[in-house]
Amino acid sequence: MQRVLVTGGAGFIGANFVNHLVAHTDLQVTVLDALTYAGHREAVDGFPSDRVAFVHGDITDAEVVDRVVGESDAVVHFAAESHNDNSLHDPRPFLDTNVIGTYTLIEAARRHGTRFHHVSTDEVYGDLELDDPARFTEQTPYNPSSPYSSTKAASDLLVRAWVRSFGLQATLSNCSNNYGPWQHIEKFIPRQITNLLDGRRPRLYGEGKNVRDWIHVDDHNSAVLAVLQRGRIGETYLIGADGERSNKQVVEQLLTTMGRPSEDYDLVADRPGHDLRYAIDATKLSTELGWTPRYDFDSGLAATVEWYRQHEDWWRPVKEATEARYAKSGQ
1 MQRVLVTGGA
11 GFIGANFVNH
21 LVAHTDLQVT
31 VLDALTYAGH
41 REAVDGFPSD
51 RVAFVHGDIT
61 DAEVVDRVVG
71 ESDAVVHFAA
81 ESHNDNSLHD
91 PRPFLDTNVI
101 GTYTLIEAAR
111 RHGTRFHHVS
121 TDEVYGDLEL
131 DDPARFTEQT
141 PYNPSSPYSS
151 TKAASDLLVR
161 AWVRSFGLQA
171 TLSNCSNNYG
181 PWQHIEKFIP
191 RQITNLLDGR
201 RPRLYGEGKN
211 VRDWIHVDDH
221 NSAVLAVLQR
231 GRIGETYLIG
241 ADGERSNKQV
251 VEQLLTTMGR
261 PSEDYDLVAD
271 RPGHDLRYAI
281 DATKLSTELG
291 WTPRYDFDSG
301 LAATVEWYRQ
311 HEDWWRPVKE
321 ATEARYAKSG
331 Q
């Protein structure tokens, strides 16, 4: 394996994965990204030009995809429409990118015999009750509850079918909620951080009881690389870091970290179909591949706060427009 194609490599998780590859391997990297609102060219501009090449293109464009897949030894597929609120407002882009885009990629990988790794989410499994001791495993049935999670479930099933029907050399991973550098400020943690940096009060859906299993993006990406290098073809690996926190706990910790009273937040109307709890059992990943996370939630969150504090020039230009969109829905 010499050259890896990273789809969505100018987005949040993808750009951090490219950084991980440059720092920890000798691989050549091609980034394919459409540079929608969630993709940022500056996230990949700092990489050495002899290591990272950038291609501006859409994963639904069969001609572009065929060319870049044919030039690569492996594909790591991060590109996705991923924001639940946006999927409730306009589901169509999620069908185009998450389903048709994945189909276009795996067809190209099948033609060229290219190794393929598909990155997905724990949201395909639906949710768990708050008092349920269970966690998601690789055997948990799919039960998606939003246009976003249902299109990601569809893309997972396409990859599995191509493995079985066509011998696609693919692995899959489903990860819990990521946080860290370069995450768009429409997402929960960066929205709260940037609100606090602006002196605003954070906002919580409902009563803030919804629980997410948080993982630092660097830990997610080290797990993806482990699966790419050592994972068994056709297998799915769940990625998590035992980071379960309620949204209320996360906001209160952010408030304390940033020197504000822990109760200094507002409650807003809950999101339709809001999943209660996600929780990942990463036993298969740790036992088969020897992977362990590096960050605990406290240190990872503190590092993330500091990154947004130091990169105001990156998030400031889109902050007001983002908040205006939320204000229209009372959130």
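In full-length UniProt numbering, the protein residues as written are 1 to 331. Don't be surprised by glycine CBs; every beta carbon is placed ideally from N, CA and C.
query: Three-state class that DSSP yields for N247 in the structure shown; result: helix
query: Cut-off 6 Å between Cβ atoms - residues of its own chain near E169, not counting five sequence neighbours on either side; result: Sequence check: residue 169 is Gln here, not Glu. These residues qualify, in order along the chain: R115 and I233.
query: Rounded C-alpha distance that separates V29 from F47; result: 10 Å
query: Chain-order list of residues whose beta-carbon lies under 8 Å from that of D73 (same chain, five-residue window excluded); result: M1, Q2, R3, V4, T114 and R115
query: Inter-residue spacing [alpha-carbon to alpha-carbon] between E81 and A34; result: 11 Å
query: For V224 and D298, the rounded distance between their alpha carbons; result: 23 Å
query: Candidates T256, H40, R212 and L254, of which the one nearest Q244 by Cα; result: Residue identity differs from the one stated: residue 244 is Glu in this sequence, not Gln. The shortest C-alpha separation from E244 is found at R212.
query: Pairwise C-alpha distance: E320 and K187; result: 14 Å
query: Cα-Cα separation, Q229 to A279; result: 25 Å
query: N-terminal and C-terminal residue of the alpha helix (DSSP H) that W182 is part of; result: That residue, W182, is in no alpha helix (DSSP H); it is neither H nor E in DSSP.
query: Where the alpha helix (DSSP H) containing Q310 begins and where it ends; result: F297 to Q310
query: Environment of D45 [buried if 16+ CB atoms lie within 10 Å]; result: exposed
query: Candidates D50, L32, Y237 and S87: closest to V69 by CA position; result: L32
query: Residue from S146, D122, V76 and E129 with nearest C-alpha to Q139; result: D122
query: Alpha-carbon spacing of D61 relative to Y237, whole angstroms; result: 29 Å
query: Same chain only: Cβ atoms within 6 Å of A153, ignoring 5 sequence neighbours per side; result: V124, Y142 and P144
query: Own chain partners of P293 with C-beta closer than 6 Å, once the 5 adjacent residues on each side are dropped; result: D219 and A241
query: Contact under 7 Å by Cβ, T194 with W314; result: no
query: E235 beta carbon less than 7 Å from that of T304; result: no
query: Contained beta strand (DSSP E) runs [length at least 3] in the segment 69-104, N- to C-terminal order; result: 74-77
query: C-alpha gap between N178 and V18, whole angstroms; result: 16 Å
query: For D266 and G206, the rounded distance between their alpha carbons; result: 10 Å
query: Spatial distance of V75 from G9 (CA atoms); result: 11 Å
query: Exposed unless 16 or more other CB atoms sit within 10 angstroms - verdict on Q310; result: exposed
query: Residues sharing a beta bridge with L128, DSSP; result: R277
query: Touching by the beta-carbon criterion (3+ pairs, under 8 Å), the segment 90-101 and the segment 146-164; result: yes
query: Range of the contiguous beta strand (DSSP E) that encloses T236; result: T236 to I239
query: Residue environment, R135, which counts as buried when at least 16 other CB atoms sit within 10 Å; result: buried
query: Selection from T257, R51, F12 and I13 that minimises the alpha carbon distance to D26; result: R51
query: Check whether R201 and D264 have beta carbons under 7 Å apart; result: yes
query: Check whether K248 and G273 have beta carbons under 7 Å apart; result: no
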